[in-house]
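Q: Residue numbers (full-length UniProt numbering): 1 to 455.
This is the structure I want to talk about, given as structure tokens.
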Amino acid sequence: MADEPETRDRERGREHGRGSRRQQWLGLCRLSLDRLAARLRRHPRRTGVTVSLVALTIALLLVVTGIAVGLAGESTTDESEIRVVPEGGGTLSSVIDVEGPRLGDTHGRTATIDDRDDVAHATPILTELVRLRTADGETETALALGVVPPAKPTEIEGVSTAGLEPGDPHFANGSFDGPRTDEIVVTDAVANDLNATAADDIAIGSPRSQLSGAGGQQRQAEDEADENRSRTPAGVRTVTVTAVDDTETTDLAGELPLVVVHLSELQTLTGADDGDLADQVLVEAGSDASTGTVEAAAEDAYPNATVRAGGDGGVASIRSDDLALATSLVALVVAVAICSLFVATAAALTIERDRRTIAALAAVGFSLRSRLAVVALTTLGLTLAGALAGVGLGVVGIAVTNRVATATVAPEPIAALRPVLAPYAVGVALIAGVLALPYPLYLVARTNVVAELGR
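Written out as structure tokens, the structure is:
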């Protein structure tokens, strides 16, 4: 019983100690904020430069990371379970418009896969940027998918092939002189931009082609050209909108201006008919088929290509996940390095100017640990202010990047803004601030209190 009062006294002592430490840290935080505010009043230009440099670094990190997220974040929505892509990428980047490796002899090799009993359908896909123009002069840049529509309509990247004639008659066993369907399926986004509806004629060509208005005279000239030569050269073609596909905004087709045409007609239009080229082959296994068996068949048809199961790749893989990851990691490393150097340099210069103030803190009873804490909190507070400003600049930067990209080279926004990017950017800035602390804290620890007070 005699031990109970002693136990209560010890508990009260521990609670009092915890309360004192809490009050001490709160006091140090208030002192750090006061020092930060005083620095801003006395040296607004120097403080502003430091905050601005941190903000610009974080804004650049946000923009680059947003582009990486935009390049790698889309998901595919087609029904195919297996994709065959060239080794090393094999698709056309709609953002930089640079052609990578492609698959050849795609009609013949895909037919060997499609003829299998355990395959529901297989189709090559060619992706090309095209320019569209209506008779009224409305123009739009879109991503065209050249496919071989199966007898049973399916969806390719979220766009139904029901509006296209099954097969690919213009291919004509590799001669590319068969009848053209001149059919095109557009997404509702494209239709709205062009003010086009089903049964409208539109001109289609490469982004650099000179499109005249679509109409009867151009169609008549094209028909006469087809009669005079076996193949129409790459250029401009008038096609008829056979369907406007209402796509979900969660699909890739809901995010991109997509159109779907017959593969051989897009090949002839863009010059990919030489070698029967495509960017990938999509394969949908039968309902009772073994995916592994179908993968093996795809590997036999394309022994030097990469076979991916599930939804890997897609038109979204025109943006390489590896490239996006590498880009974001480089941006992270550069941001941390530059930001930490800026903060360390600014903090060191501030300490050199404030050595007498630091010595005065020691003289009035602040321990070395408390002085180090004040400097660390002040430095991190300055970094946090720059990070918050950088988040705002980064949001603006992403918006400007998307506007410039869509107005010049890209058919869709290339940078994505996700809510997680804001805390990510702030976290990166704080990590950089922590990495910048050792040198300023070393200077504080080396400060000679007696010598500074005697100056």
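Glycine is no exception: its CB is placed at the ideal position from the N, C-alpha and C atoms.
The model shown is predicted, which means the values in this text are computed figures rather than measured ones.
If you draw a straight line from the alpha carbon of arginine 46 to that of valine 281, how long is it in whole angstroms?
A: Rounded to the nearest angstrom, the two C-alpha atoms are 58 Å apart.
Q: Give me, in chain order, the residues of the same chain whose beta-carbon lies closer than 6 Å to that of alanine 149; leave out the 5 immediate sequence neighbours on both sides.
A: Just to set this straight, residue 149 is proline in the shown sequence, not alanine. Cβ within range, chain order: Thr161, Leu164 and Pro166.
Q: Ignoring anything shorter than 3 residues or poking outside the region 148-204, list the beta strand (DSSP E) runs there in chain order.
A: The qualifying runs are 183-187.
Q: Using only the alpha-carbon positions, how far apart do leucine 269 and glycine 390 sit?
A: Looking at the two C-alpha atoms, the distance is approximately 46 Å.
Q: So valine 186 packs on valine 259, CB below 8 Å; how close in whole Å?
A: Correct: roughly 5 Å between the Cβ atoms.
Q: Taking DSSP's pairing of strands, which residues face isoleucine 125 in a bridge?
A: In DSSP, isoleucine 125 forms a bridge with Gln280.
Q: Helix, strand or coil, according to DSSP, for glycine 271 in the structure here?
A: Here glycine 271 sits in coil by DSSP.
Q: On the three-state DSSP scale, how would you describe leucine 256?
A: The answer is coil: DSSP assigns leucine 256 none of H, G, I, E or B.
Q: Roughly how many angstroms separate the alpha carbons of glutamate 295 and isoleucine 82, rounded to a whole number?
A: One C-alpha to the other measures close to 7 Å.
Q: Mind checking asparagine 402: buried by the 16 CB within 10 Å criterion, or exposed?
A: Under this definition asparagine 402 is a buried residue.
Q: Go ahead and label glutamine 23 buried or exposed: buried means 16 or more other beta carbons lie within 10 angstroms of its beta carbon, across all protein chains shown.
A: It counts as exposed.
Q: Judging by CA-CA distance, which residue of Thr408, Cys339 and Pro86 is the nearest neighbour of leucine 437?
A: Considering only alpha carbons, the answer is Cys339.
Q: Which whole-angstrom value describes the C-beta separation of alanine 331 and leucine 61, a residue pair presumed to lie in contact below a C-beta threshold of 8 Å?
A: Indeed they touch by this definition, with Cβ atoms about 5 Å apart.
Q: Alanine 120 and alanine 285: beta carbons closer than 8 Å?
A: The answer is yes: Cβ separation under 8 Å.
Q: What is the residue span of the beta strand (DSSP E) that alanine 309 lies within?
A: Taken as a continuous stretch (DSSP letters only), the beta strand (DSSP E) holding alanine 309 covers 305-309.
Q: Just the Cα atoms here: how many angstroms apart are isoleucine 156 and valine 261?
A: The alpha-carbon atoms of isoleucine 156 and valine 261 are separated by roughly 11 Å.
Q: Determine the burial state of leucine 33: buried for a count of at least 16 other Cβ atoms within 10 Å of its Cβ, exposed for fewer.
A: Leucine 33 should be labelled exposed.
Q: According to DSSP, threonine 238 sits in a beta bridge with which residue or residues?
A: Partner(s): Ala203.
Q: Report the residue from Thr408, Ala172, Ile202 and Ser175 whose alpha carbon sits nearest the alpha carbon of glutamate 183.
A: Answer by Cα proximity: Ile202.
Q: Just to confirm my understanding: we take asparagine 304, look at its own chain, exclude 5 residues before and 5 after, and list those with CB closer than 7 Å. What are they?
A: Excluding sequence neighbours, asparagine 304 sits near Glu87.
Q: Do you know how far the Cα of aspartate 276 is from the Cα of alanine 387?
A: Cα-Cα distance, rounded: 51 Å.
Q: Applying the 10 Å Cβ sphere with the 16-neighbour rule, what's the burial state of residue 456?
A: The chain is shown only over 1 to 455; residue 456 falls outside these bounds and no answer can be derived.
Q: Sort His107, Thr112, Val63 and Val159 by Cα distance to alanine 297 and report the nearest one.
A: Ranking the options by Cα distance to alanine 297, first place goes to Thr112.
Q: If we ignore side chains and look at the alpha-carbon of each, how far apart do leucine 71 and serine 287 end up?
A: Leucine 71 and serine 287: Cα-Cα distance of roughly 32 Å.
Q: Among Arg102, Ala68 and Cys29, whose alpha-carbon lies nearest the alpha-carbon of alanine 278?
A: Per the Cα distances, Arg102.
Q: Between Lys152, Ala191, Ala122 and Asn173, which has its C-alpha nearest glutamate 138's C-alpha?
A: Answer by Cα proximity: Ala191.
Q: Just to confirm before moving on: does the CB-CB distance between alanine 198 and valine 239 stay below 8 Å?
A: No.
Q: Among the residues of its own chain, which have a CB less than 6 Å from the CB of isoleucine 58, if the five just before and after it don't count?
A: Hits under 6 Å: Ala387, Gly390, Ala425 and Ala429.
Q: Assuming threonine 247 and valine 307 form a contact by the criterion Cβ under 8 Å, report the distance between their Cβ atoms to the nearest whole angstrom.
A: Threonine 247 to valine 307, Cβ: 28 Å. No contact.
Q: Along the chain, where does the beta strand (DSSP E) containing proline 440 start, and where does it finish?
A: Premise fails: proline 440 lies in the alpha helix (DSSP H), 438-445, not in any beta strand (DSSP E).
Q: For valine 420 and threonine 379, which I take to be in contact (beta-carbon distance under 8 Å), what is that distance rounded to the nearest angstrom?
A: So it is not a contact: roughly 26 Å between Cβ atoms.
Q: Figure out for me which residue from Thr106, Ala416 and Leu372 has the closest Cα to the Cα of alanine 347.
A: Minimum Cα distance to alanine 347 is reached at Leu372.
Q: With 16 as the cutoff for other CB atoms within 10 Å, does valine 444 come out buried or exposed?
A: Buried: at least 16 other Cβ atoms inside 10 Å.
Q: Can you tell me the Cα-Cα spacing of proline 413 and threonine 154, whole angstroms?
A: Using only the alpha carbons, I get a separation of about 27 Å.
Q: Look at the alpha carbon of valine 49 and the alpha carbon of alanine 55, and state the distance between them as a whole number of angstroms.
A: C-alpha separation (whole angstroms): 10 Å.
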